[in-house]
Amino acid sequence: MTMDLGLKAKNAIIFGASSGLGRAAAHSLASEGCNTTLIARDSEKLKSLHKEILQSYKVISDYIVADLMKDHDVSSLLAGISDRKYDILINNTGGPPPSNPIDTDSHTLDLFVKSLLLNTIKITNSLIPSMIEKKWGRVITITSSGVVQPIDNLTVSNTLRPAVTGFMKTLSNQIAMHGITVNTVMPGRITTDRTLEVNTQRAKSLGISYDEAILISSNEIPARRYGTPEEFGSVLCFLASEKASYINGSNIRVDGGLIRSV
Numbered sequence: 312m313t314m315d316l317g318l319k320a321k322n323a324i325i326f327g328a329s330s331g332l333g334r335a336a337a338h339s340l341a342s343e344g345c346n347t348t349l350i351a352r353d354s355e356k357l358k359s360l361h362k363e364i365l366q367s368y369k370v371i372s373d374y375i376v377a378d379l380m381k382d383h384d385v386s387s388l389l390a391g392i393s394d395r396k397y398d399i400l401i402n403n404t405g406g407p408p409p410s411n412p413i414d415t416d417s418h419t420l421d422l423f424v425k426s427l428l429l430n431t432i433k434i435t436n437s438l439i440p441s442m443i444e445k446k447w448g449r450v451i452t453i454t455s456s457g458v459v460q461p462i463d464n465l466t467v468s469n470t471l472r473p474a475v476t477g478f479m480k481t482l483s484n485q486i487a488m489h490g491i492t493v494n495t496v497m498p499g500r501i502t503t504d505r506t507l508e509v510n511t512q513r514a515k516s517l518g519i520s521y522d523e524a525i526l527i528s529s530n531e532i533p534a535r536r537y538g539t540p541e542e543f544g545s546v547l548c549f550l551a552s553e554k555a556s557y558i559n560g561s562n563i564r565v566d567g568g569l570i571r572s573v
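As numbered in the numbering used here, the sequence shown has no gaps in its residue numbers, which increase by one up to the final residue, 573.
Structure (C-alpha cells):
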C-alpha cells in the first residue's frame, strides 16, 4: 500500500536542480506527479535532467538556465516566473568554497551574500503572493548542518546560512495563516559533488588520502555512513506534501545523527 502525498499536478520550481540535492528533489517530486521547473547554471546537466524527467514520469517539465550570482540572470528569471503560479518552491544554492575565517576574502563573501542570501529572499518573495492567493504553498529551503554545528573550513556557509534560516523562520510566522508552510532542511553528509570537494580539501589539510578522509568522516556519524541523495529527496517530498501541512517554521535535520545537540 502506498501513501498518496497529494502532489499530483502540483507545480514545483527547484533551484540548483542540475546536480546533487536539487537533482534528487526534482526526481522525488516528479515521481509523485509534480510538474517541475528546473533552474541551474549548468545548461548541459540541466538539459539532461529535463530529458530524464520527461522520459521517466508523466509530468510537465521545463527548465531555465540562470546563475544566481549574475544580476541580469536573476532579473530575467524573476520576470519569467512572476506570472507563474507555483505551489512549491525548493530553494537550493551551491555551497561556497571551503575557507578558514582568517583567509576568507571579501570578494567571495560579497558574491555569496548576493546569491545565497539576497537572491534567495528576492525569489521567495516573488512567489509568495500567488501562494497566498491560492491559500496553499510550500517553501522549502536547503541549508546545512553548519547552521546548528559550524563546520570547520566552511566559513562563508557557516556565516550566511543561519541568516537564510532566520529569514525563513520569520516568514513562516507571517504566512502560515494562508495555508503556506515554510521550512528549512539541514543536510548532513550526503554523497554529492559537494562532499567530494569538502573531503578532498580535508584530506589535503590533514595530509591523508581521500579514502582515509571519508572513513574518518563516516565514523563521526552515528549511522556510520553518508546519506544518499534519494534519502534526502524523500524528506523534501514529504515536506512538500499535503501530509506535512502542520509542519511549519521547522529546521529539519537529515544527517544520520551527525549534529550532537538536542
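We put the CB at the ideal spot given by N, CA and C, even for glycine.
Does the distance from the C-beta atom of residue i to that of residue j stay below 8 Å?
i      : j      : result
Thr502 : Pro540 : yes
Leu357 : Ser372 : no
Leu316 : Phe549 : yes
Ile525 : Asn510 : yes
Arg564 : Ser456 : yes
Leu547 : Val496 : yes
Gly344 : Lys319 : yes
Ile392 : Ile324 : yes
Pro498 : Ile453 : yes
Ala377 : Arg352 : yes
Thr470 : Asn411 : no
Tyr368 : Ala341 : yes
Arg395 : Ala551 : no
Arg472 : Val458 : yes
Gly518 : Gly405 : no
Ile486 : Ile434 : no
Ala514 : Glu508 : no
Using DSSP with H/G/I as helix, E/B as strand and the rest coil, what is residue i?
i      : result
Thr539 : coil
Ile558 : coil
Leu349 : strand
Ala323 : strand
Ile527 : helix
Ile364 : helix
Val458 : helix
Gly568 : coil
Met479 : helix
Ser329 : coil
Asp522 : helix
Ser342 : helix
Pro533 : coil
Val546 : helix
Leu357 : helix
Below 8 Å on the Cβ atoms is my contact criterion, and I expect residue i with residue j to pass it. Report the Cβ-Cβ distance as a whole number of Å.
i      : j      : result
Gly560 : Lys480 : 5 Å
Asn562 : Thr476 : 6 Å
Ile451 : Leu379 : About 17 Å; that fails the 8 Å criterion.
Thr347 : Ala335 : Wrong, their Cβ atoms sit about 13 Å apart, outside the cutoff.
Val385 : Asn436 : Val385 to Asn436, Cβ: 13 Å. No contact.
Asn494 : Ile558 : 6 Å
Gly544 : Ser330 : Not a contact, Cβ separation roughly 13 Å.
Gly567 : Arg536 : 7 Å
Asn322 : Pro409 : Between Pro409 and Asn322 the Cβ distance is about 36 Å, and since that is not below 8 Å, they are no contact.
Tyr397 : Ser441 : 7 Å
Arg500 : Gly538 : 7 Å
His489 : Ile432 : Between Ile432 and His489 the Cβ distance is about 18 Å, and since that is not below 8 Å, they are no contact.
Could you pull the DSSP bridge partners for residue i from this structure?
i      : result
Thr452 : Asn402 and Thr495
Val467 : For Val467, which the question treats as bridged, DSSP gives no partner whatsoever.
Ile563 : Val496
Hey, is residue i's beta-carbon within less than 8 Å of any beta-carbon in chain D?
i      : result
Glu553 : The structure shown has no chain D; it contains just one protein chain.
Which complete beta strand (DSSP E) runs does the region 372-450 hold, if anything under 3 residues is left out? For the region 372-450, whole beta strand (DSSP E) runs of length 3 or above, ordered along the chain, are 372-376 and 399-402.
Quick check on the DSSP output: what are the complete beta strand (DSSP E) runs of length 3 or more inside the region 487-519, in order along the chain? Runs of the beta strand (DSSP E) inside the region 487-519: 491-498.
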